[in-house]
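Chemist: For reference, the structure I am asking about is given below.
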Amino acid sequence: MANTIDSDLLIDTLSNQAVTYLGDVLAPLSAFSTDFSTDELVQTKSVQVPLVTSGSTTLTNPTNFESGDSATSNIAVTVNHYSQVFHVTSAQYNQRIRIEMLARANLQSLGTKIASVISALVLAANFTGTAETVAQASFAAANAKSLWGKLGKNRRKVLLLDSVAYAQLAPTDKNAFDLGQKGAYGFDGIFQHTCWTGATTNTYGLAAGQDAFAIAAGIPAQVPGLSGEMIAQKAMQIEGLGLPIQMNVWVSRASRQLWCSYDLMFGAAAGLSDAAILIKSA
């Protein structure tokens with residue numbers, strides 16, 4: 004008799020891969036102003052991400068308590084459809100190659116692409132504060148303290164560093180603090196971040212407040228009736244980030260290839276010019 008495998012088993016395995024892998028790779032996203040939901044979004048259209056720029060004037064000895072106007076603004080974020088597609092042929096399946104084996108590598112590619120959308124905004128033109136200039140191998144606690152001070156009144160502060168600079172702050176024993184946890188060198192988190200595609204030349208890090216970027220994400224709109232052609236389809240949100248991911252699994256009847264894709268609508272825009280400081284080697 005032939006084996007019967009519940010399609011949910013496959014989709015749940017791939018879902019777990021997305022939660023585990025993308026949750027680690029894209030952890031810094033949780034530090035910024037985001038508008039994430041599992042709502043369908045239209046590609047190349049703008050999502051307005053709200054930004055509160057100031058509170059009302061504090062009253063002194065008030066006689067009228069109905070006086071107080073806060074100021075809000077918004078940043079237009081254009082979202083694009085990103086789809087990471089991979090497959091296993093009938094011959095490869097019979098050679099014991101399973102599509103789950105390919106999931107991690109493809110999630111790495113998707114994570115890098117999403118990170119590059121952010122890194123392309125890490126420009127001196129977007130963030131006007133004086134950059135911290137130091138060689139990666141020479142980055143030290145003093146630089147972390149300097150950057151914390153340069154961020155001034157930004158409420159939530161995180162530090163993103165490429166691997167060589169990140170290693171200079173790495174704990175030396177098991178009793179030292181975890182760089183990813185709140186409080187390390189005063190930051191709300193210090194993250195290794197290795198994608199700086201499109202950033203200002205020689206940039207390898209960024210100290211940033213919550214309003215440095217406005218980020219929006221959602222689920223691609225579906226062609227009516229298409230979900231019925233799928234073996235499985237599932238929308239989920241990455242734990243700790245809220246980033247939505249749609250997973251699709253289907254079979255080509257002609258080639259008998261098993262296909263899978265991870266899909267999302269994603270976009271980002273630069274926020275306040277004083278909300279981030281670039282870190283450069285020269």
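The sequence shown: position 193 = 196 (my numbering), numbered continuously. Every residue gets a Cβ at the ideal spot worked out from N, C-alpha and C, and that includes glycine. Computed from a predicted model, the values in this text were never measured in an experiment.
Is the distance from the Cβ of V167 to the Cβ of A123 below 7 Å?
Modeler: no
Chemist: Expressed to the nearest angstrom, what Euclidean distance is found between the alpha-carbon atoms of A145 and K160?
Modeler: 16 Å
Chemist: Does the beta-carbon distance from A285 to V80 come in below 7 Å?
Modeler: no
Chemist: Note down the Cα distance separating K116 from Q51, rounded to an integer number of angstroms.
Modeler: 22 Å
Chemist: For the alpha helix (DSSP H) containing E103, list its first residue and its last residue.
Modeler: E103 -> alpha helix (DSSP H) spans E103 to S122.
Chemist: Would you grab the beta carbon distance between Y24 and L163 for me? Rounded to a whole angstrom, and I think it's under 8 Å.
Modeler: With a Cβ gap of about 18 Å, Y24 and L163 do not count as contacting.
Chemist: Have a look at V82 and V45 and give me their C-alpha separation to the nearest angstrom.
Modeler: A direct Cα-to-Cα measurement between V82 and V45 gives close to 8 Å.
Chemist: Going by other Cβ atoms of all chains shown within 10 Å of its Cβ, with 16 needed for buried, is L62 buried or exposed?
Modeler: exposed
Chemist: Straight-line CA distance for S258 to P53?
Modeler: Going by the C-alpha atoms only, they are around 47 Å apart.
Chemist: So what's E232 in DSSP terms, helix, strand or just coil?
Modeler: helix
Chemist: CB of T175 to nearest heavy atom of the ligand COA: below 6 Å?
Modeler: Looking at this structure, you won't find the ligand COA or any other ligand, since it has none at all.
Chemist: Opposite A271 in the DSSP bridges: which residues?
Modeler: I218
Chemist: Could you compute how far the alpha carbon of A21 sits from the alpha carbon of I248?
Modeler: 8 Å
Chemist: Given a cut-off of 7 Å on the beta-carbon distance, is the pair Q213 and S36 in contact?
Modeler: Contact flag set, yes.
Chemist: If I measure Cβ to Cβ from W3 and keep anything under 6 Å in the same chain, skipping five residues before and after, which residues do I get?
Modeler: Examination of residue 3 is not possible in this model, given that the chain is present from 4 through 285 alone.
Chemist: Scan the segment 41–87 and note each continuous beta strand (DSSP E) run of 3 residues or more that stays entirely inside, going in chain order.
Modeler: 49–57 and 74–81
Chemist: Quick check on N146: does DSSP put it in helix, strand or coil?
Modeler: helix
Chemist: Check whether the Cβ atoms of F216 and A271 sit closer than 7 Å, and answer yes or no.
Modeler: yes
Chemist: Assuming T206 and I282 make a contact with CB atoms under 8 Å, what is their CB distance in whole Å?
Modeler: 7 Å
Chemist: Would you report the Cα separation of S70 and S76, rounded to the nearest angstrom?
Modeler: 20 Å
Chemist: Can you tell me whether P227 is helix, strand or coil according to DSSP?
Modeler: coil
Chemist: Determine, using beta carbons only, whether V125 and L209 come nearer to each other than 7 Å.
Modeler: By the CB criterion at 7 Å, V125 and L209 fall inside the cutoff.
Chemist: Name, in chain order, the residues that DSSP records as bridge partners for S36.
Modeler: A217
Chemist: How should N251 be labelled, buried or exposed, when 16 other C-beta atoms within 10 angstroms of its C-beta is the threshold for buried?
Modeler: buried
Chemist: Would you report the Cα separation of Q236 and T92, rounded to the nearest angstrom?
Modeler: 20 Å
Chemist: Between which residues of its own chain and Q225 is the CB-CB distance below 8 Å, once the five residues before and five after are set aside?
Modeler: E43
Chemist: Just the C-alpha distance for I241 and T204, rounded to the nearest angstrom, thanks.
Modeler: Taking C-alpha positions only, I241 is separated from T204 by approximately 32 Å.
Chemist: Mind checking who C198 pairs with in its DSSP beta bridge?
Modeler: Beta-bridge pairing links C198 to no other residue.
Chemist: Please name the residue, chosen from L105, G155, S73 and A74, that lies closest to G132 on a Cα-to-Cα basis.
Modeler: Out of L105, G155, S73 and A74, G155 has the C-alpha closest to the C-alpha of G132.
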